[in-house]
Ligand SMILES: *Cc1c(COP(=O)(O)O)cnc(C)c1O
C-alpha cells in the first residue's frame, strides 16, 4: 500500500493555528459547526465530578449511555450502538461491507469521511453529482445501484449545503432499494431542522432492516471534543458492530458527559433557539451583502460571496475569523460559515462587509 494514495481529512483550522500565524488575539472560529454556546455548564460539572475515574476502563458496551439514549428516543437498546464520534461508526460500517468487488454510492460533494474510509478499504466509490441547487437526485442513486452495491450514504440535512429532504421522500426512496443494500442516513444536523419528526428516519429502523441512522453529540449537544456519536439500526447489524468495535472507544468522561447532555434539556433548547435566530440573522446579513445564500436546515450556511471566495476567506483569517473555504469539497466559489453566538455572528458580518465593500466589483445585473 502506497502512502501517497491517501489524502487526510481537512478539518477547519484551529484557533491556535490562526493565533500563531496571524498574531491576532481574539479569534472567532465558525469553521466546524460546533455548538454556538460552548459546553453546557452542567456537562462541565459532570466532567469535573468524574475526573477521578479517569484511571478506570469504561464499562464495555457503554450500557448506561445506551440506556439513556434508548429512553430519550423511545427505541430498544438492542438497536443502538455508540461510537467514538459517528466517524467511528461510519468507519466500521464501511469496513464491515468492504471488498474490492463491492461499491459504495456517495453524492458529490458529500462529507469527506465516507470517501476517505471507503478508499482505505479499497471499495469502489460511485459518485452521483448533486443537482445544481444541491438537492438530492435520488432517482439517479436508484439507477446506479448494481449487484455489488454495499452502501448508500445520505446526509440529511446535508453538509456543506444545508439542504434537507423530508422523511416521506426518503421513505419512498427506501422502498426502491434492494434489501441487501445498506442505506446510511447521517442525521448529524437533524436537531436544527424546524421539525425533527418531519425529517428524521429514526423511527423507521423497525420497518427497514437495511436502514442505519447516525446521530452525534458533536453538534447540538456540544461535545465535539469528547468524540461521541451513535447509530440506530437493526438488532442484527447492531450486534455485529458491537462485536467488531474496539471495546473502549467511548471513554468514561464522554459517557458521563453525554448522559448529562441528554438530560440538560434547557441547554439543548437554547442551542436550537440560538441556531435558528442566528441562521436568520446571518442569512439576511449575507443577502444584504450581495452574497448568494443557500437555504440551510443545519447550524451553518453555505454562500457565494460577490467577490472571489478564497480572497474573502484569507482576508477573514487575517481578521481572526475562521470559516470554511469549500475548495476541499471541490466548490472553490463557495464558503461555509457555522452559526455562532450573536456576538460572533455580528463580528463575522462586520468583517465580511469591510472586505466586500473594500473591493470594487460589479454587482450582478
Ligand atoms: C459533524 C458531522 C458528523 C459528526 O461526526 P462526529 O464523528 O460524531 O463528530 C457526522 N456527519 C457529518 C456529515 C458531519 O458534518
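Numbering (our numbering), first residue to last: 707 to 1071. All C-beta atoms, glycine included, are put in the ideal place defined by N, C-alpha and C.
Problem set entry | Cβ-based burial, residue 1038 [other Cβ within 10 Å; buried from 16] | By the 10 Å Cβ count, residue 1038 comes out exposed.
For this session: Using 7 Å as the cut-off, classify the Cβ of residue 817 as near or not near the heavy atoms of ligand 1, replying yes or no.
Result: yes
For this session: Check whether the Cβ atoms of residue 936 and residue 789 sit closer than 8 Å, and answer yes or no.
Result: yes
For this session: Within its chain, find whatever has a CB closer than 6 Å to the CB of residue 867; leave out the 5 residues flanking it on each side and keep chain order.
Result: 840, 1000, 1008
Problem set entry | Whether residue 922 touches residue 791 by CB criterion (8 Å) | It is a contact, given that the beta carbons lie within the stated cut-off.
For this session: Give a single yes or no on whether residue 1002 has its beta carbon closer than 7 Å to a heavy atom of ligand 1.
Result: no
Problem set entry | Identity of the residue in 1030, 971, 858 nearest residue 889 by Cα | 858
Problem set entry | Enclosing alpha helix (DSSP H) for residue 809 [first to last residue] | Looking at the DSSP string, residue 809 is not in any alpha helix (DSSP H); the run it does join, the beta strand (DSSP E), is 809 to 814.
For this session: Would you check whether ligand 1 has a heavy atom nearer than 7 Å to the C-beta of residue 1005?
Result: Checking the Cβ of residue 1005 against ligand 1 gives no.
For this session: Using the DSSP secondary-structure output, state which residues sit across from residue 1007 in a beta bridge.
Result: 1043
Exercise. Any chance the CB of residue 924 is under 7 Å from a heavy atom of ligand 1?
Worked result: yes
Exercise. Taking Cβ positions, are residue 947 and residue 1041 nearer each other than 8 Å?
Worked result: no
Exercise. Do the CB positions of residue 860 and residue 887 come within less than 8 Å of each other?
Worked result: no
Exercise. So, is residue 794 buried or exposed, given that buried needs 16 or more other C-beta atoms within 10 angstroms?
Worked result: buried
For this session: Determine the closest residue to residue 896 out of 877, 919, 882, with distance taken between C-alpha atoms.
Result: 919
Problem set entry | Status (buried if at least 16 other CB within 10 Å, exposed otherwise) for residue 714 | exposed
Exercise. Exposed or buried, which one is residue 1035 when buried takes at least 16 other CB atoms within 10 Å?
Worked result: buried
Exercise. Counting only beta-carbon atoms, is residue 840 nearer than 8 Å to chain D?
Worked result: Annotation note: the requested chain D is absent from the structure, which comprises a single protein chain.
For this session: Determine the burial state of residue 1030: buried for a count of at least 16 other Cβ atoms within 10 Å of its Cβ, exposed for fewer.
Result: buried
Exercise. Taking buried to mean at least 16 other C-beta atoms within 10 Å of its own C-beta, is residue 763 buried or exposed?
Worked result: The residue in question, residue 763, is exposed, as its Cβ has fewer than 16 Cβ neighbours within 10 Å.
For this session: Return the residue from the list 854, 882, 737 that minimises the CA-CA distance to residue 846.
Result: Of the candidates 854, 882, 737, 882 places its Cα closest to the Cα of residue 846.
Exercise. Between the Cα of residue 826 and the Cα atoms of 810, 924, 940, 1014, which residue gives the shortest distance?
Worked result: 810
Exercise. Unbroken alpha helix (DSSP H) runs of length 4 or more, entirely within the region 755 to 842: which are they?
Worked result: 769 to 779, 791 to 802, 818 to 826
Problem set entry | Distance between residue 981 and residue 1046 (C-alpha atoms, nearest Å) | If I take the Cα positions, the gap works out to 7 Å.
Exercise. Closest to residue 850 by CA distance: which of 800, 838, 833, 862 is it?
Worked result: 833
For this session: Note the first and the last residue of the continuous beta strand (DSSP E) segment covering residue 937.
Result: 935 to 938
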